[in-house]
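Colleague: One structure is given below, represented as structure tokens, and several questions about it will come after.
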Amino acid sequence: MKYKTIKKWSLRIILILVVISIASCIGVKSQIKQHLGAKTELINPSIFKIDESPLAIKNVSVLSTDCTKMLDSLTVLIRNGKIISITKDVSITNEYNIIDGTGQYLIPGLVDTHAHLHDSKNDLLLYLANGVTHISEMFGQERHLKWRKEAEDGALSPKIYVASRKLASKKGIMSKIRSWFGSSPNYTTTNKARKAVRKHKEEGYNALKLSTFLNTEIYYAITDEAKKQNIPTIGHLTSDVSLKGLYTSGQSQLAHIEEITKATMHDFGGLSYDNTEAYLTYLKKNVDAIAIELKEIEMVVSSTIWLMESLPKQKFDIENFLKTIELEYQNPGEIEGSKLAKGWLPGNNSYENLDIKNNPEKAKKSKLFWKTYVEAIHIMTKALADNGVTITAGTDSNTAGVIAGFSLHDELESLNKSGLTNSQVLYAATLAPAKWMQSDAGKIEVGLRADLVLLEKNPLEDINNTRTINAVIANGKFLDRTILDKMLQSIKDANNRSRKINIDTFIN
1 MKYKTIKKWS LRIILILVVI SIASCIGVKS QIKQHLGAKT ELINPSIFKI DESPLAIKNV
61 SVLSTDCTKM LDSLTVLIRN GKIISITKDV SITNEYNIID GTGQYLIPGL VDTHAHLHDS
121 KNDLLLYLAN GVTHISEMFG QERHLKWRKE AEDGALSPKI YVASRKLASK KGIMSKIRSW
181 FGSSPNYTTT NKARKAVRKH KEEGYNALKL STFLNTEIYY AITDEAKKQN IPTIGHLTSD
241 VSLKGLYTSG QSQLAHIEEI TKATMHDFGG LSYDNTEAYL TYLKKNVDAI AIELKEIEMV
301 VSSTIWLMES LPKQKFDIEN FLKTIELEYQ NPGEIEGSKL AKGWLPGNNS YENLDIKNNP
361 EKAKKSKLFW KTYVEAIHIM TKALADNGVT ITAGTDSNTA GVIAGFSLHD ELESLNKSGL
421 TNSQVLYAAT LAPAKWMQSD AGKIEVGLRA DLVLLEKNPL EDINNTRTIN AVIANGKFLD
481 RTILDKMLQS IKDANNRSRK INIDTFIN
């Protein structure tokens, strides 16, 4: 009798624990969906009446294929999503929608090579509204592969390149739990790592993203197997692999210029507030040699400079920083965060450190550290450009402070301020990423995909003129200023209806 009672209560306890576990899993997934933007009202793209008839843009200035000059008074014909003619004199039939391009400037569609869509599908429209017609998703999930297919089938969307989730080699139960809920998968043996490479390729990912948290053995197993499977390895420079190790690894892309400067800080012996000048002297002596090595192995580097420049502002003056960005267009789930993840707002910002912020002595030291950190990135950026390393414009969108679409124009300005010419910046945002992603776009040439941006002002004169968008052509779809404004308003309205926290204080 006693045994039966114990057995009965044991079963009840097990059942209760199972129910609690299931409820916890549901709760965790709900919080994750909230933070990733999945609970924000979704816009139906069919509300935008888009003209897909053949298009003729007359008498327009066209950016040359090397991004160095404008070719005046040309007519560009587009049919079935392709550029079919670029000439001064052409006969235009009645079937064409004729756009007068007089006094305007036509450039290739812009590319963001470091994007995070998370679960915020409205961002696809936000990219288009800002002239971004191609993105590289840098933490790919199954849904992103689906969105890529929809774009290929004609959905209103930028073209999407999808890298896998970050591959890591952490051990322990917490690493496994995080992986179950969509964080980085961890592989603790070389056999498992090689199997994962083959699996991700079969699933259709364009590239494999490497985490900072990869030990040397697993890192080299992944890069070796990836070479055999002919799939690129991209992303972070792992903490266990030095720059010298990178040069022979086969990794073909770095997700941030910051990856290189962090490695130099490690080689220097560490950056702190009391050795900033010595570190910068060390860096300046070594940047050209590093850049030459990276050029030799044809490394591609995504920039993400503006995010780094924003960190001191987010850490020490978040209230005023938020007033400088287009916060009303950002998915409210991302802004507000959740019980499991911080958002963007004061007191809950993922970069803000109240302990340091409220301690004058600590704040002074931290500000000097971050000033030097950003200066190092500027120095490295200039050296990469001067030595011919391929830089591609990337933003790390949906990281705190970085708004899809809008942030790419901020990034172009940061590249320019780091020492790149306007021509080099345009190349980094168009042809360079198109070559890296093996895209049939990136320049205005007959036979290529019609991904274009019609500007009011010349970006070769001022890089900020990429913001003066009159129209976007996305895979041949003509989105005039009226449609672009409607997209932006629809996103703003959907965000406001989904919002739990009022952000009027931060809207100018």
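In case it helps, the UniProt record's numbering puts the sequence shown at residues 1 to 508. We treat Cβ as the ideally placed atom computed from N, Cα and C, and that holds for glycine.
#1: Within the same chain, show all residues whose beta-carbon is closer than 7 Å to that of G37, passing over the 5 residues directly before and after it, in chain order.
#2: My assumption, with CB atoms under 8 Å, is that V132 sits in contact with V162. Please give the rounded CB distance.
#3: Unbroken beta strand (DSSP E) runs of length 3 or more, entirely within the stretch 130-214: which are they?
#4: What are the boundary residues of the alpha helix (DSSP H) that S85 is part of?
#5: Would you identify the three-state DSSP class for Y427, choosing helix, strand or coil?
#6: If you reduce the DSSP assignment to three classes, tell me which class residue 513 lands in.
#7: In the DSSP assignment, find the unbroken alpha helix (DSSP H) run with A226 in it and report its ends.
#8: Report the CB separation of I377 from I305 in whole angstroms; it is logged as a contact under 8 Å.
#9: Between the alpha carbons of K285 and H200, how many angstroms are there, rounded?
#10: Where are the beta strand (DSSP E) runs, 3 residues long or more, that stay fully inside the stretch 330-405, in chain order?
#11: For H409 and S418, I'd like the C-alpha separation in whole angstroms.
#12: Identify every residue that forms a DSSP beta bridge with F478.
#13: Residues in the same chain with beta-carbon distance under 7 Å from L311, minus the five sequence neighbours each way, listed in chain order, please.
#14: I want to know whether the stretch 425-437 touches the stretch 59-76 - three or more CB-CB distances under 8 Å.
#15: With H, G and I counted as helix, E and B as strand and the rest as coil, what does DSSP make of P108?
#16: Following the continuous alpha helix (DSSP H) through M308, name the residue where it begins and the one where it ends.
#17: In chain order, which alpha helix (DSSP H) runs of at least 4 residues are fully inside the stretch 232-277?
#18: Buried or exposed, going by whether 16 or more other CB atoms sit within 10 Å of the CB of N230?
#19: Give me the Cα-Cα distance between P346 and E319, rounded to the nearest whole angstrom.
#20: Taking 7 Å as the threshold (C-beta atoms), are A168 and F213 in contact?
#21: In whole angstroms, give me the CA-to-CA distance for F181 and K39.
#22: Nearest by alpha-carbon distance to R143: which of I160, D72, I292 and L237 is it?
Modeller: On the basis of the coordinates in this document:
#1: H118, D119, S120, N331, G333 and E334
#2: Rounded, the Cβ-Cβ distance is 16 Å, inconsistent with contact.
#3: 132-137, 159-167 and 207-210
#4: Where S85 is concerned, there is no enclosing alpha helix (DSSP H), although the beta strand (DSSP E) it sits in stretches over K82 to T87.
#5: helix
#6: The structure shown does not extend to residue 513, since the chain is modelled only from 1 through 508, so no value can be given for it.
#7: T216 to Q229
#8: 6 Å
#9: 40 Å
#10: With a minimum length of 3 residues, the continuous beta strand (DSSP E) runs that stay inside the stretch 330-405 are 390-392.
#11: Linking H409 to S418 through their CA atoms gives a straight-line distance of about 14 Å.
#12: Note: F478 sits in a beta bridge opposite D51 and I473.
#13: Y351 and W370
#14: yes
#15: strand
#16: I305 to F316
#17: 243-247 and 258-268
#18: exposed
#19: 6 Å
#20: yes
#21: Because F181 sits at a pLDDT of 46, beneath the cut-off of 50, its placement in the model cannot be relied upon, and the following sentence gives the value as read from the coordinates. Looking at the two C-alpha atoms, the distance is approximately 17 Å.
#22: Considering only alpha carbons, the answer is I160.
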